[in-house]
Amino acid sequence: MTQSAAELVALLDLERLEDNLFRGLNPPESWPFRTRVFGGQVLAQALVAAQRTVEGLAAHSMHAYFLLAGDPKVPIIYDVERVRDGRSFATRRAVAIQHGRPIFIMSVSFHRQEPGLEHQLDLDMAVPPPEEVPGIGELPAEVIATLPAPVLAYWRRPRPIELKPVGLGEKRVAPRRAVWFRTTGPLPDAEGLHQAVLAYASDMTLLEATTTLHGTSVLGENLQVASLDHALWLHRPFRADDWLLYAQDSPSAAGARGLARGLIYDRAGRLVASVAQEGLIRPVRAPAAQASA
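Here it is in structure tokens:
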């Protein structure tokens, strides 16, 4: 396991304080400093907290709201409510708390595996395999030159998830994009861990689909951006340490909010997860130029 993958596993290994109470730490100093906690981290840690109160069932859906920005300087406490335990399904509610206030709430449903009808929507866009998609360090100089500094810095940032955006730097004619991702090293076989890692990665890059038609980016300074809610459905088993394709689109942007959707496929073309997120994408007006004295 690489160091960054090991650090991600450690980040998701919560400390049990009581039967339904857990403490999650923030990333190590080797990760880039952030002024607020990454939303995917809270999603993943809250899922792990809920998982640790359930036996014999696997998570299949979660619905969350981001309430306040997380403070990266202090741990996060996760309080899990055991809402329901049935023979086939269980429901949990997890609240993330910092400084005595909830910063995040999430409901998680668990299901005991059973056979049934199967179908899926196949990927409807042409995407090259990950081996044919250049990483950020392999892009031609002419493409690098077209990328705004914040965008380039984001893709160059060291992280435990390896990202390969398809067609980075190309002009978009539709609010659609695709990104290959996987952890930077192998993970243990625990299904719950792979689900938590996918939840972590599902908050990466998704809102960017809401801005592709507008000549701007969620990474720029002309937008105030924040995740408002997040929904994730887990359809089939998968491995987060093998390449997964995140096909993203945005059906609507209005009222300073953008809706983004994602379908996540494995290398074999199996649809393993679906994602939806609404985010704040509020234009920021530049201050009026001061009159010269």
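Taking numbering that gives the first Met the number 0, the leading residue of the sequence shown gets 0, the next gets one more, and so forth.
Note that beta-carbon positions come from the ideal geometry of N, C-alpha and C, so glycine has one too.
Just so we're clear, the structure is a prediction, and the values are computed from it rather than from any experiment.
Would a C-beta distance cut-off of 7 Å place residue i and residue j closer than the cut-off?
i	j	result
A4	T204	no
Y153	L218	yes
D202	G55	no
I280	V224	yes
P299	V47	Not covered by the structure: residue 299. The range shown for the chain is 0 to 292.
D84	R175	no
R22	I76	yes
V132	W179	yes
R181	W242	yes
Could you have a look at residue i and say whether DSSP puts it in helix, strand or coil?
i	result
S3	helix
W179	strand
R91	strand
R156	coil
V271	strand
V82	strand
My understanding is that residue i touches residue j, with C-beta atoms under 8 Å, so please give their C-beta distance in whole angstroms.
i	j	result
N221	P282	6 Å
Q44	L66	The Cβ separation is near 15 Å, so there is no contact.
V271	L231	Not quite, the Cβ-Cβ distance comes to about 11 Å (not below 8 Å), so this is no contact.
A93	Q194	Wrong, their Cβ atoms sit about 14 Å apart, outside the cutoff.
P147	S216	7 Å
Give the DSSP bridge partners of residue i, in chain order.
i	result
P282	L222
M203	DSSP lists no partner for M203.
R22	E14 and I76
L258	S251 and E277
A58	F109
H229	A63
P128	Beta-bridge pairing links P128 to no other residue.
Quick one: using the 10 Å Cβ neighbour count with 16 as the cut-off for buried, is residue i buried or exposed?
i	result
L237	Correcting the residue type first, residue 237 is Phe in the shown sequence and not Leu. It counts as buried.
T145	exposed
S251	exposed
E277	buried
T1	exposed
A34	Residue identity differs from the one stated: residue 34 is Thr in this sequence, not Ala. Exposed: under 16 other Cβ atoms inside 10 Å.
M61	buried
E117	exposed
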